[in-house]
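For the first sequence, counting from 1, position 408 maps to 397 in our numbering; every step adds exactly one. Single-structure report; data block below.
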Amino acid sequence: MPHPNPTTARAVITALCRAGQVAKAREVFDGIKSQRSPDCLNAMIAGYVLNGHDSEGLQLFRKFQTSGFDPDQFTLSRMLSISANLNASDEGKQIHTFIVKKNLAVDIAVNNSLINLYFKCKSVGDAEKVFNCMPERDVYTWTVMVSGYATSGSLEKAMDLFNKMPCRNTVSWNSMISAYQSEGYDEMALDLFYKMRERGEVPNKSTFLVVLKACASQQLLDTGKGVHCCLVKLGWIKIVDARCTLMDMYIKCGELLDVQRVFNEISEHNIVSWSILVAGYAQNGKIVEAERIFNGMPERNVISWNVMIAGYVQNGMQDRAFGLFIDMIKGDMRPNCFTLTSLLSGCSSLKYTRSGKRFHGFVMKVGLQSNTSIGNSLITMYGEQGNVGDARLIFDTMPQYDVISWTAIVAAYTSNNDVGEARHIFDQMPQKNLISWNTMMFGYLQNSKNIETNIVTGVTNLDALSFFYEMEQSELKPDQFSYNCALSAGAAIGALEQARAIHCRTVKRGFISDLGVGNALITVYGKCGALNEAEMIFHSMTNPDMVSWNALLTGYSQNGQGSEVLDFYEKMQKSGVWPNRVTFVSLLTACSYLGEVVKGQKFFYAMEKEYGISPTKEHYACMVDLLGRAGHLNDAESIIINMPIEPDAAVWGALLGACKIYGDTVIGRRAADQIFHLEPDNSSAYIALAETLAAARLWEDVAKLRAVMKEKRLLKEPGCSWMEIRNQKHMFLSDDSCHQQKDSIYATLYSLYGSMIEESYALDSDLLISV
DNA sequence: ATAGGGTTAG
-10 MPHPNPTTAR AVITALCRAG QVAKAREVFD GIKSQRSPDC LNAMIAGYVL
40 NGHDSEGLQL FRKFQTSGFD PDQFTLSRML SISANLNASD EGKQIHTFIV
90 KKNLAVDIAV NNSLINLYFK CKSVGDAEKV FNCMPERDVY TWTVMVSGYA
140 TSGSLEKAMD LFNKMPCRNT VSWNSMISAY QSEGYDEMAL DLFYKMRERG
190 EVPNKSTFLV VLKACASQQL LDTGKGVHCC LVKLGWIKIV DARCTLMDMY
240 IKCGELLDVQ RVFNEISEHN IVSWSILVAG YAQNGKIVEA ERIFNGMPER
290 NVISWNVMIA GYVQNGMQDR AFGLFIDMIK GDMRPNCFTL TSLLSGCSSL
340 KYTRSGKRFH GFVMKVGLQS NTSIGNSLIT MYGEQGNVGD ARLIFDTMPQ
390 YDVISWTAIV AAYTSNNDVG EARHIFDQMP QKNLISWNTM MFGYLQNSKN
440 IETNIVTGVT NLDALSFFYE MEQSELKPDQ FSYNCALSAG AAIGALEQAR
490 AIHCRTVKRG FISDLGVGNA LITVYGKCGA LNEAEMIFHS MTNPDMVSWN
540 ALLTGYSQNG QGSEVLDFYE KMQKSGVWPN RVTFVSLLTA CSYLGEVVKG
590 QKFFYAMEKE YGISPTKEHY ACMVDLLGRA GHLNDAESII INMPIEPDAA
640 VWGALLGACK IYGDTVIGRR AADQIFHLEP DNSSAYIALA ETLAAARLWE
690 DVAKLRAVMK EKRLLKEPGC SWMEIRNQKH MFLSDDSCHQ QKDSIYATLY
740 SLYGSMIEES YALDSDLLIS V
């Protein structure tokens, strides 16, 4: 090739690079005499950047730098942005030093690139220094500052600057919208987008894509469809990227048909569009379809594999996920931190402790242990496996935390019954989000659920509820999950007035149509005996599910309204909602109240034979109660003896209770012996047996029993009741005779509940109040 | 400068 002049050479280099022939371009560049023409050098470097060979561009620059060549402004700013992109901050700082040393003239563009560089390597202070010293600024300067703050996590500073900007362009708006969106503030992002349109700023393709992302995570199908229309109108729909983002939005909204439709409109599929399609099917439970598409993909990259592995894990198919991981390694595809986090999250149960350890080993082998997401997954995995020790060890040795790490360790403690430590960590968290608060509140709820942990941890449902009030006072606002927890806590302690107040707030905050919130409301109203209100919520639901029906049925059965249970069950069947084991507990309880032995037996039979639900201890207890209350004590006992699963104290307790009614001391003693064997300190069994013996006037036996109880210190079990009167909470212990307002409370209660109280007094004199 | 798909906490 003849030696072209610099101008021709530059044109040739640019053309070759645009055609993707970087090596050839370099040959031309090396062949010309006037290599040092900044134009040619810039063209060559630009060519490298265009083809994704940033580091070669940097090498070329370094070569010229050492040979005493003075780059122009254009080269400098380009090299600075390459350093920023490569995360080579040292390189960038060297260039900065070079500029200062040589006292080179610096224009706005170079300063802008410097700011960008410093933000990229998190030296916010240095970026600010450059910004403050600039004699002149342009839109780019402001924009790079805004996006720098935004991506360095100072949304406030970014917004502040954004408001102060003398003029904005589409990119400035986009940076701000994108910052809010990627930090999880989708609503703010959308708000800003609407403001942008109001101000008459023209959105571009990127704007719409960010808005689509916000729609995806908020599942705003209608808005998403609107953006789809805009993309079509403006002609951007032809761009594959746009279609990919659209598909993703439809996936998150669960619109598989639209996902497939958009996919079909793409004329040339690439690895991204294929992977999204796989994700679409996998994330919507169509794992077989996903697998089929995955296997038929023309080519795959790590992400395609990750999508499939995550799909298996999300659908509970751990074995397939682990198998694919092996295939991946065999096929020379290197798993990365995304692969491992998915796999580790699949090991979050006792069943997979061994696999979990193996994956942990693999993490160490490939050196991913200091990755924050990996650490987070490990904390969760060990926590869920009941291994708080290892969870803590991981947490303590992690080099860097994010909100998820903190939340994960809190969850690890709450799910292992250490609410105290969980709260201690929660209070120390440097940043908290909605999920962190909900995790803590859910932890209180979980740990006050059963009496055993309640005694160990001392946590009550009131703690969950007061934590909820604390949350309401915080800068974060509760979401549907929070309301769900609060209402469940309220249900457990029968806090009717508080439930009503929380109910109001769910309406105000727009969560009343949430199915989970509705179900929690039915439950709490049912538990409090406010069945009209429970029914009202139920009837206002557009799509009550099995849980809604069960909540209502449980409400009626717990309040002894057997015929309502049976009526509603008939309606449930007509509506086509399938019953589950909870449904049958209500049905059997109802039959027990109504003395409908035959009906109950039919339900019990149908449960297993027609609905394929194997009876649990709870169902057996119901059957024993049903037969026992009807006086069929022998049949009740033989049910227990023939149970295919081990009976617990509650099952024998049902039998003992029936014996108390009928004064059967023979079977009663047998039942009580079984309970004493299972739970040596079960004081209510002692009391029930004592009452049975007393009814038969076996006074000597009663005295002996009392002696045993005294010896075992079972006589004064502090039974505890919560009572809510006129929106005030009161707690009573059974030996608590000095509650300050006791007399006035009794008076109020008496006027409210009258005979009900007398009845409960008569039934159990040891407990002061039980309503 | 913003910029397509994958993960982890309730």
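Cβ coordinates follow ideal geometry from the N, Cα and C atoms, glycine included.
In the DSSP assignment, SER256 falls outside any alpha helix (DSSP H), carrying neither H nor E.
Cα atoms of ARG343 and CYS336: separation of roughly 9 Å, rounded to the nearest angstrom.
A Cβ-Cβ contact shorter than 8 Å links ILE84 with SER72. By a beta-carbon distance limit of 8 Å, LEU75 contacts LEU47. Their separation comes to about 7 Å.
The residue from ASP503, ASP534, VAL506, GLY544 with its alpha-carbon nearest to that of ASN521 is GLY544.
For ASP385 and PHE351, the gap between their C-alpha atoms comes out near 20 Å. Boundaries of the alpha helix (DSSP H) around PRO27: 27 to 39.
The alpha-carbon of VAL296 is positioned some 20 Å away from that of ASN253.
Linking PHE665 to ALA203 through their CA atoms gives a straight-line distance of about 59 Å. Counting along the chain, THR130 sits inside the alpha helix (DSSP H) bounded by residues 128 to 140.
Short of 6 Å from the beta carbon of ALA411, and not among the five residues preceding or following it, lie these beta carbons of its own chain, in chain order: VAL399, TYR402, THR403, GLY432. In the structure shown, SER502 adopts coil according to DSSP, grouped into three states. For HIS349, the closest of LEU339, ALA168, ILE383, MET317 by C-alpha to C-alpha distance is ILE383. Its Cα nearest to that of LYS118, the residue ILE104 stands out among TRP131, ILE104, GLU125.
Within the same chain, GLY620, LEU622 come within 7 Å of TYR651 by CB-CB distance, once the 5 residues on both sides are set aside. Beta-carbon to beta-carbon, GLY479 and VAL513 are separated by about 5 Å, close enough to satisfy the 8 Å threshold. Residue burial is scored here from C-beta neighbours: CYS474 has at least 16 other C-beta atoms within 10 angstroms and is therefore classed as buried. Its chain contains GLY213, VAL216, THR234, LEU235, MET238 as the residues whose beta carbon lies nearer than 7 Å to that of LEU201, once the 5 sequence neighbours on both sides are disregarded; these appear in chain order. For SER262, the CB contacts under 8 Å within the same chain, skipping 5 residues up- and downstream, are VAL229, ARG232, CYS233, MET236, PHE252, ILE255 in chain order. For GLY432, the enclosing alpha helix (DSSP H) covers residues 423 to 438.
According to the DSSP assignment, ASP175 belongs to the alpha helix (DSSP H) that extends over 175 to 187. It is roughly 37 Å from the alpha-carbon of THR361 to the alpha-carbon of ILE501.
Contact check for LEU313 and TRP294: beta-carbon distance about 7 Å, within the 8 Å limit, so the pair qualifies. Counting only runs of 4+ residues, the alpha helix (DSSP H) found wholly inside the region 211 to 283 occupies 229 to 241, 245 to 254, 260 to 272, in chain order. In summary, TRP538 is buried, with 16 or more beta-carbon neighbours lying within 10 Å of its beta-carbon over all protein chains present.
Rounded to whole angstroms, the separation of the alpha carbons of ALA509 and GLN469 is 10 Å.
Under the three-state reduction of DSSP, PHE151 is assigned to helix. Judged by DSSP secondary structure, CYS474 falls within the alpha helix (DSSP H) whose first and last residues are 469 to 482. An exposed status is given to LEU339, since fewer than 16 other beta-carbon atoms sit within 10 Å of its beta-carbon. Note on geometry: alpha-carbon atoms of LYS109 and LEU329 lie some 27 Å from one another. Nearest to LEU645 by C-alpha distance, out of ILE634, VAL506, ALA660, PRO636, is ALA660.
Inclusion of ALA178 and LEU144 in the CB contact set at 8 Å is not warranted, their separation being larger than that value. Rounded to the nearest whole angstrom, the CA to CA distance from GLY617 to ILE628 is 11 Å. Of all alpha-carbon atoms in PRO636, ALA684, GLU626, ALA674, the one lying nearest the alpha-carbon of ILE656 is that of GLU626.
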